[in-house]
Amino acid sequence: MAESMKGMHRTCRVAEVTEEMIGKEITLMGWVQKSRNKGGIIFVDLRDRSGIMQLIFDSAKTDQETYDKAAKLRSEFVIAVKGVLQKRAGEANTKLTTGNLEVQVSYLRILSESEVPPFQIEENSKTKDEIRLQYRYLDLRRPDLQRNMKLRSEVAYYTREFFHNEGFMEIETPMLGKSTPEGARDYLVPSRVHPGSFYALPQSPQLFKQLLMCSGYDRYIQLARCFRDEDLRADRQPEFTQIDMELSFVDVDDVIDVNERFLKYLFKKTLNVDVKTPIPRMTWIEAMNRFGSDKPDVRFGMELVDVSDVVKDFDFVVFKNALAKRDGSVRGINVKGQGDMGRKQIDKLVEMAKGMGAGGLAYIQLKTDGTVKSSFAKFMTEDQEKALIEKMGGEKGDLLLFAADRNKIVWNVLGQLRLHFRDELHLVRKDDFNFLWIVEFPLLEWSDEENRYMAMHHPFTMPMEEDWDKIDTDPGSVRAKAYDITLNGNEIGGGSVRIHQDDIQEKMFQVLGFTKERAWSQFKFLLTAFKYGVPPHAGLAYGLDRLVMLMAQADTIRDVIAFPKVKDASDLMTEAPSRVEQKQLDELGLEVPPEEK
RNA sequence: GGCCCAGUGGCUCAGAUGGUUAGAGCGCCGCCCUGUCACGGCGGAGGUCAUCGGUUCGAUCCCGAUCUGGGUCGCCA
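Here's what the structure looks like:
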């Protein structure tokens, strides 16, 4: 039976008691974590978001009615107790911050009873995601999720504080906007007033923040909700939050400077971690050549080695074909100490490589017994083999893996294998925070599918002045004033300097295959705004969820989002998305497929 | 959309060449216990072995499809 809390007032959270309160009567409220009835004395662990406090019901000291009531307490009952805070009479519990304290209860109210929960409310739950998410309100009671939510709240707080002190203004941009077919799929919202017309939920506030620069707001920040109707991943949700910013009268170094100070401040305040500044910078091409990734994990070696020159005369058709391709190369990695790997495991690696788009994976095993086994031994002379091993720095016991194809594929295959071995061989520590800027991204990326160049970042990204003269002759070689901030091999943010000169913008649209008409119909408001005095500006956006995930050392982004969605973008708790009543559809002038039975 | 993994009491898992009563730990219920805190002792309840179909004398186990969840590729300017 649920009782009222009338007349009772919570003194503080259960683990927020102080030494001065010892001997005083206090009132606590929370959930029953656990009850241990010894017969004659009952111990109850009372839990709230601050922690746990042990309650004592002693048959010799409490009245019979209270004692009998205490005997009825079960897990997750919500109770209010009045009693004297005291030093523990028995052994202290070193695992609790309140382990040397307890409350001798004189008065108990059961504010709410609870059914037996479907899983135990405890740290490091092994319960499968499906059930946790169905009962998310119970899952969120678990201490590890409460810690993550607290960290997330603090990240948001210190972010606002830092940027406020730096003169940034937080300005909200619309959730109901205009659909732009470039980029990710939009979530669409039908308009009742304009049947057949749709708003789109924002993928990012990109264009609005540029307009705010046109309006003179100088330094803008927003913790912005964004939406992308694409498939989910362990680190990707359909709705997510960005720390979104834009600055006027700045260049690359200015954006990097304020953000390095931000990261230093944030990590110190929230995790007490010292971020060393300046954060190192690496160009995109160096990252790709050395690590096969534009978000390299540089905490360990196993760097890519370009062996194209060494193998160019090998009588191996796979290598020859690769080198004949545009942007083709042969590169390898040296997996130290794995030369004795079994055939089965190697086959698995080859399969992995094929899954990443490679035709296969060539290898040389330098076994510890001194023998050498290679998948392409018959296509090279002994001297050639020796030269290749030497180029790779191969020693007894090493495994040399080679990919041959267009650079894009070679980088991807070896870059991913490198990460595979990082995890397999435990080459890094999780609590190590290694930041790295990646700069000088290519401006454009060729799309085979569209048969044209696409913007690597977005169409408003400023090219590097020194490359601009190559925009007609060799567009693929033009670098952009774009930058990403990475942490331990994850992209946590990215941005660019934006184009503010209309002649460059016009040329960009032309290169991207936009007709003047299409560019104008799509971005009329922006292009018009740019006619009325636009300052040079640049910005950056962090993925807040992914950042907090890494800070919390969580394995999935779901663990830092209160109410996340599952793989098919549905919510197991609310069962959204759901069908709606015909009346709603009629008002919108919409027809939808009939429900499947 | 493709590929891979998983689905057995409330939770986490084990299991059987295909054969009587499918096990364990935790949780739950009852009784006992005045210093426990992974409390302890005794007793007990609880299972369409994800669903549908096939093979078989017989299927939780083999086969196929489906569903659910996870990972990943495509996708994510």
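Residue 420 in the working numbering sits at position 409 of the first sequence; the count goes up by one each step and never skips. Think of the CB as a built atom: it goes at the ideal place given N, C-alpha and C, for glycine as much as any other residue.
Within the same chain, Gln-564 come within 6 angstroms of Lys-441 by CB-CB distance, once the 5 residues on both sides are set aside. Per DSSP, reduced to three states, the secondary structure at Tyr-553 is strand. The continuous alpha helix (DSSP H) containing Ile-357 extends over residues 354 to 366.
Taking Ile-33 as the centre and dropping the five residues before and after it, the same chain places the C-beta of Leu-96, Gln-97, Lys-98, Leu-112 closer than 8 angstroms to its C-beta, in chain order. Nearest to Pro-470 by C-alpha distance, out of Gln-516, Leu-447, Val-261, is Gln-516.
When DSSP reads this structure, Gln-97 sits in a beta bridge with Glu-113. For His-468 and Arg-529, the gap between their C-alpha atoms comes out near 19 angstroms. With at least 16 other beta carbons inside 10 angstroms of its own, Asp-495 counts as buried. The Cβ atoms of Ile-254 and Leu-555 sit closer than 9 angstroms to each other. Of Arg-163, Lys-83, Pro-249, Thr-29, the smallest CA-CA separation from Asp-579 is found for Pro-249. For the options Tyr-231, Val-321, Ile-90, the alpha carbon positioned closest to that of Leu-39 is the one of Ile-90. Taken through DSSP and simplified to helix, strand or coil, Tyr-148 comes out as helix. Counting only residues of its own chain and dropping the five nearest sequence neighbours on each side, Lys-347 has a CB closer than 6 angstroms to the CB of Asp-409. By the Cβ rule, the region 229 to 239 counts as touching the region 180 to 191, because three or more pairs are nearer than 8 angstroms.
In this chain, the alpha helix (DSSP H) harbouring Lys-161 covers 154 to 176. For the pair Pro-474 and Gln-131, the Cα-to-Cα distance works out to about 55 angstroms.
Excluding residues up to 5 positions away in sequence, Ile-482 lie with their Cβ nearer than 7 angstroms to the Cβ of Lys-518 in the same chain.
Excluding the 5 residues flanking it on each side, Ser-125 has same chain C-beta neighbours closer than 6 angstroms at Glu-87, Phe-88, in chain order.
Asn-176 counts as exposed, since fewer than 16 other C-beta atoms from the protein chains shown sit within 10 angstroms of its C-beta. The criterion of a C-beta distance shorter than 9 angstroms is satisfied by Gly-368 and Asp-416.
As the crow flies, the alpha-carbon of Val-286 is around 23 angstroms from that of Ser-507. Sorting Val-263, Glu-257, Tyr-210, Cys-225 by C-alpha distance to the C-alpha of Thr-539 places Cys-225 at the top. Its chain contains Phe-325 as the residues whose beta carbon lies nearer than 7 angstroms to that of Gln-395, once the 5 sequence neighbours on both sides are disregarded; these appear in chain order. Counting only runs that start and end inside the region 179 to 258, the alpha helix (DSSP H) elements of at least 4 residues fall at 217 to 225. Collapsing the DSSP output to three states places Arg-60 in coil. 9 angstroms or more divides the Cβ of Leu-523 from the Cβ of Leu-599. Arg-463 sits in a strand when the DSSP states are folded into three classes. In the three-state reduction of the DSSP assignment, Met-293 falls in the strand class, which pools E and B.
In this structure Gly-94 does not touch Val-127 by the C-beta definition: roughly 27 angstroms separates them, more than the 8 angstroms allowed.
For Lys-384, the beta-bridge partners assigned by DSSP are Gln-376. Ser-458 sits in a strand when the DSSP states are folded into three classes. Taking each of Met-160, Leu-438, Tyr-210, Ala-388 in turn and checking the Cα distance to Thr-281, the smallest one comes out for Met-160.
Residue burial annotation: Arg-337 is exposed, with fewer than 16 other C-beta atoms found within 10 angstroms of its C-beta. Distance from the CA of Leu-57 to the CA of Thr-109, rounded to the nearest whole angstrom, comes to 11 angstroms. For Arg-490, no alpha helix (DSSP H) encloses it, and the DSSP letter there is neither H nor E. Scanning the region 494 to 581 from its first residue to its last, the whole alpha helix (DSSP H) runs of 4-plus residues come out as 513 to 522, 527 to 540, 555 to 562.
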